[in-house]
Amino acid sequence: MKIPPGMRVWQQAAILLVCAMAMAACSDATPAKTASIECDRTKLGVERTITVTAETGSIEALLNDREVVLTFDDGPDPRRTSAVLDELDRQCTKATFFLLGGQADRYPGMVREIAGRGHSLGGHSFTHADLTKLELEAAVDEVSTGIDMVNAALVDTGPATIMFRFPFVATTEQLSAEIRRMGLLEVGVTVDGADWTNIQPDASVEMIFEKLQAADRKGIVLLHDPFYRSDERVSLLLSRLKQDGYKVVALRGGETGQ
Ligand SMILES: [Zn+2]
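So for the sequence shown, this note's numbering puts the first residue at 1454; every next one is plus one.
This is the structure we're talking about:
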């Protein structure tokens, strides 16, 4: 911020006060409210961490009975992501957030908050376009611009992300091959909570468990942090996972080799 020379001291002070108030009101990085939580065996926690690379292939194939990977798409969102992070902290567990490049560009502080609170990040395109409906060059641009925006927010704070999830989980053989060529690992979805519908949080969680049961009690669970009541949904989900003896596996992006 530049204050014009010659301005009176009280005017400078007033400007500084207004700016400080604006920053407090508009900050996109809400501090954690869960710093005092004790991570003991009553919490869901993290069972183990898998370090993935572009060559990892199917993550589902690496999971054992009653192991799940938690994922959240379409953030970051200044209204709701922090509340989801608080719920994850309350159960001492970790997830992977597939971020939209446009949102990451708008809220870089939130990208750093997610990473800073120990979660891993992936790209989810720049605008959430259905990449199967674009020319290959435009689809590749959506992927790389989205990833670039996430990485730009993480400069000096974390490794470049190498995970990618297609918007609508919609891909083609050609697009999936292109993702691998770009040094990225495509991450799919085993079970989704249908949270883009009007489904209530408890019904959403019930559906997740029915689908998990049908998927040999393991897999990658998809929810969306920006969606209405996302914190309630994740709170219910994590409690139920703990109650039913499920374990959380965290993903960590390895070296890109680039
Ligand atoms: Zn999405």
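For glycine and all other residues, C-beta sits at the position ideal for the given N, C-alpha and C.
What whole-angstrom Cβ distance do residue i and residue j have, given they're in contact under 8 Å?
i	j	result
GLY1571	LYS1547	6 Å
LEU1704	ILE1512	7 Å
THR1524	THR1549	5 Å
GLY1698	ARG1501	Rounded, the Cβ-Cβ distance is 15 Å, inconsistent with contact.
THR1643	ALA1668	5 Å
Note down the Cα distance separating residue i from residue j, rounded to an integer number of angstroms.
i	j	result
GLU1566	LEU1675	20 Å
THR1483	SER1535	Only weak support is given to the placement of THR1483: the predicted model assigns it a pLDDT of 49, under 50, and the value that follows is read from those uncertain coordinates. Approximately 7 Å between the Cα atoms of the pair.
MET1476	ASP1655	With a pLDDT of only 42 at MET1476, under 50, the local geometry of the prediction cannot be trusted, and no value is derived from it.
ALA1613	GLY1576	10 Å
LEU1541	PRO1529	15 Å
ALA1478	PRO1531	At ALA1478, the pLDDT of 41 sits below 50, so the modelled position is not reliable; the number obtained from the coordinates is stated separately. Their Cα atoms are separated by approximately 12 Å.
ILE1490	ASP1539	10 Å
CYS1545	CYS1492	6 Å
GLY1555	GLU1631	22 Å
ASP1558	VAL1603	7 Å
MET1635	MET1660	35 Å
VAL1590	LEU1552	Val is not the amino acid found at residue 1590; the sequence shown has Glu there. Rounded to whole angstroms, GLU1590 to LEU1552 spans 21 Å at the Cα level.
ALA1568	ASP1527	15 Å
GLY1641	LEU1690	19 Å
GLN1696	ARG1618	29 Å
Let me make sure I understand the geometry here. Which of the options has the alpha-carbon closest to that of residue i?
i	options	result
MET1616	GLN1627, ASP1601, VAL1608	ASP1601
THR1504	GLY1554, LEU1638, ASP1678	LEU1638
GLY1672	ASP1645, LYS1496, VAL1658	ASP1645
GLY1510	MET1563, SER1657, LEU1665, SER1629	SER1629
GLU1508	ARG1633, ALA1668, ASP1527	ARG1633
LEU1574	VAL1564, THR1580, LYS1664, HIS1581	VAL1564
Look at residue i and residue j and say whether their C-beta atoms are less than 9 Å apart.
i	j	result
VAL1702	GLY1498	no
ALA1606	PRO1679	no
LEU1584	THR1624	yes
Exercise for the section: Could you name the residues whose beta carbon sits closer than 6 Å to any heavy atom belonging to ligand 1, keeping them in chain order? Expected result: ASP1526, ASP1527, HIS1577, HIS1581, PRO1620
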